[in-house]
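To keep things clear, I will list the structure first and then write my remarks on it.
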Amino acid sequence: MYIVTAEEMYDMDHGAMNKVGIDGKLLMENAGRSIAASLKERVSKTYRILVLAGGGNNGGDGFVIARTLLDNDFDVTVVQVVPDEKIIGDALYHKQLFVCCGGNVTVMQTVDEVGPMISRVDIVIDAIAGIGMKGRLREPLASVVDVVNKKASYVLSVDIPSGLPANEGISDFYAVQANETLITGFPKQSAFLEHTAPYYGNWQVVSFGLPSVITSDGAHRYLWTEEQFRKTIPERGRYSHKGSHGRGLAVGGSAEMPGSITMTVHAALRTGAGLVTAATAKSAIPAVASQCMEATYLALGETNGRMNNELPIPFDNYDAIVMGMGMGRHHEARSHIRKALEEASCPLIVDADGLYHLKSLLASVKKRKSPVVLTPHPGEMAMLLDKSVPELLQKPFAYAKMAAEKYGVYIVLKGPFTIITTPDGQQTVTTTGNEGLAKGGSGDVLSGIILAMVLQDQPIMEALSNACFIHGKAADMLIADTHSVYDLLASDLLHGISKVYRTFV
Ligand SMILES: NC(=O)C1=CN([C@@H]2O[C@H](COP(=O)(O)OP(=O)(O)OC[C@H]3O[C@@H](n4cnc5c(N)ncnc54)[C@H](O)[C@@H]3O)[C@@H](O)[C@H]2O)[C@@H](O)CC1
Ligand SMILES: [K+]
């Protein structure tokens, strides 16, 4: 499923109308009918429904919903929150159909009238404004939204909560707080941003009949769902052997932080890597080995329990490498990262402290022939780009794309909505996971899962998307079953990986 900006959605709408020749009135009919059909399935006819219709096509959708529900004997009325002259084109056509079918439209004179009407009904359908909103909602519509937010017992928004921007990068808005949103066509960027997503409530996508010849044109952002995971997860051949599933290397950890690399190698093995070696400070090895018997070890020279660069790492012996977790920010650790960039001819994944070192080496990354994957959380991404975290979170899609293209890297920008970007700017989003992951060690487990997935026979973009899906889904399955968001530990995720495989593969 694509994730779109308002402009991309309009391009598809216009393509359907101008290239294919589908009438806009028909698209509006489809959109409204899909939403009414969803309501009909689950709402009792004893419920009173009020549609708030604005002046654009979003309001037009509202008239179709009202007409369809009325035809199905629902108790539905429409309050038109803009004057008559603002209802034009396809929306006017559908308003007239509603009225001809016996529908009742009240044109709002003052905002004060709206409160009592909202208080009398069970469901408010918010068709005030859609993706055509420009800037902050003006009066009197802002006051109407205020009344909806204060008085409505249940709000269903059409396409997008009115007042909410569809695109990233906008912080000044006043919007409906929906209980649910039925999105027409494709989800908009704002459904995947921390500061705007909560306004949607629960959301689902409904179709308005866009032909696929139009939708496949030029979209470059996708939601990575369970369906994609099932379709793309590589099969494990009956006659495969450990070498078929890759030799992975994880470089990190120290005497003081042996847990990070332990979780990484353990997660990589649990996810399906054939062979995994942990390269860490010599004195950390007993602690790591006691927790993970299946890994092999490469003892690195150390100073005060932290790796130094006395002993070289044979980077070329591996099929993929992950570096950084718990390795420390001292300069000897940096020289291992530099060497890996120069010498390793396999995919290189850089996480945690490794990202800190990489900042000064970014210019040389593009010269590498084999892929580099960066796995920052927003703080690390902000550090890499010299931005503040709030700045980054306003426009994560744009910043990730800009950095991935500029440095020629894959970026896994971690968060409640993880955005994965390829060097040519394609993006996927995974939405699995929960607040139980907000604990030390979660990222180390993800690094291991990523290492294992990159080692399998699949394109890197799919490997990264599947890895993020598994990591989040493991957490979701654990809190649905044996754990809660409070007690979940990163090491519990290792068992969650098994649950994900047993359920979805
Ligand atoms: N063929 C299509 O284009 C389809 C469009 N659909 C619907 O149409 C919507 C987009 O329609 P439109 O482009 O007409 O735009 P909207 O319906 O989102 O709203 C634009 C209206 O809001 C007003 N407005 C803009 N900025 C404002 C502000 N800051 N304060 C107050 N009023 C403001 C405009 O004057 C206009 O009346 C989608 O969200 C979707 O619901 C669907 O029906 C599917 C088909
Ligand atoms: K709306």
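Taking full-length UniProt numbering, the leading residue of the sequence shown gets 1, the next gets one more, and so forth. For each residue, glycine too, the CB sits at the ideal point set by N, CA and C. In this text the structure is predicted, and so the values were computed from the model without any measurement.
One alpha carbon belongs to Ser-465, the other to Val-76, and they sit about 43 angstroms apart.
As a beta-bridge residue in DSSP terms, Ser-157 pairs with Asp-126 and Thr-181. CA-CA distance, Val-105 to Gly-55, rounds to 14 angstroms.
C-alpha of Leu-311 to C-alpha of Thr-225: approximately 43 angstroms in a straight line. Taking a contact to require three or more Cβ pairs closer than 8 angstroms, the segment 271-284 and the segment 246-254 qualify as touching. Counting C-beta atoms within 10 angstroms of its own C-beta, Cys-468 has 16 or more neighbours from the protein chains shown and is therefore classed as buried. For Val-158, the distance from the CB to the nearest heavy atom of ligand 1 is below 7 angstroms. When secondary structure is reduced to three states using DSSP, Asp-424 falls in the coil class, being assigned neither helix nor strand.
Within the DSSP bridge table, the entry for Leu-249 names Thr-277 and Ile-321 as partners. With a cut-off of 7 angstroms, the C-beta of Asp-126 is classified as near ligand 2, since at least one heavy atom of the ligand falls inside that distance. In this structure, DSSP gives Asn-304 a state outside helix and strand, which the three-state scheme calls coil.
For the options Ile-87, Leu-269 and Ile-470, the alpha carbon positioned closest to that of Thr-503 is the one of Ile-470.
Not one heavy atom of ligand 1 lies closer than 7 angstroms to the C-beta of Lys-387. Burial check for Pro-187: the Cβ neighbour count within 10 Å reaches 16 or more, so the residue is buried.
For Ala-129, the shortest C-beta to heavy atom distance toward ligand 2 is below 7 angstroms. Cβ-Cβ distances below 7 angstroms link Asn-434 to Ala-475, Asp-476, Ile-479 and Val-485 in the same chain, with the five nearest sequence neighbours on each side left out; the list follows chain order. Closer than 7 angstroms to some heavy atom of ligand 2: that does not describe the Cβ of Ser-190.
In this chain, the beta strand (DSSP E) harbouring Leu-348 covers 348-350.
A straight-line Cα-Cα distance of about 11 angstroms links Gly-301 and Ala-333. When Cβ pairs closer than 8 angstroms are counted between the two stretches, the segment 164-180 is seen not to touch the segment 368-378, the count staying below three. The Cβ-Cβ distance between Ala-127 and Gly-201 does not fall below 8 angstroms. In the DSSP secondary-structure assignment, Arg-48 is bridged to Asp-75. For the pair Met-461 and Ile-420, the CB atoms are nearer than the 8 angstroms cut-off. The beta carbon of Met-108 lies closer than 7 angstroms to those of Val-79, Gln-80, Val-81 and Val-114 in the same chain, with the five residues before and after it left out. When beta bridges are read from the DSSP output, Arg-221 appears opposite Gln-427. Going by beta carbons, Ser-157 and Ala-191 fall outside the 8 angstroms limit. Using a Cβ distance threshold of 8 angstroms, Ala-152 and Ser-162 do not count as a contacting pair. The segment 288-308 and the segment 206-215 do not touch, with fewer than 3 CB-CB distances between them shorter than 8 angstroms.
In the three-state reduction of the DSSP assignment, Asn-18 falls in the helix class, which pools H, G and I. For Asn-202, the enclosing beta strand (DSSP E) stretches over residues 202-206. For Ser-244 and Arg-236, the gap between their C-alpha atoms comes out near 9 angstroms.
The C-beta distance from Ser-447 to Thr-264 rounds to 5 angstroms, short enough to meet the 8 angstroms contact threshold. Proximity to Ala-66 across Val-99, Thr-46 and Glu-7 peaks at Val-99, based on C-alpha coordinates. Ala-438 carries a coil assignment under DSSP once its states are collapsed to helix, strand and coil.
Distance from the Cα of Asn-317 is smallest, within the candidate group Gly-324, Glu-294, His-331 and Glu-343, for Glu-343. Going by beta carbons, Val-124 and Val-155 fall inside the 8 angstroms limit.
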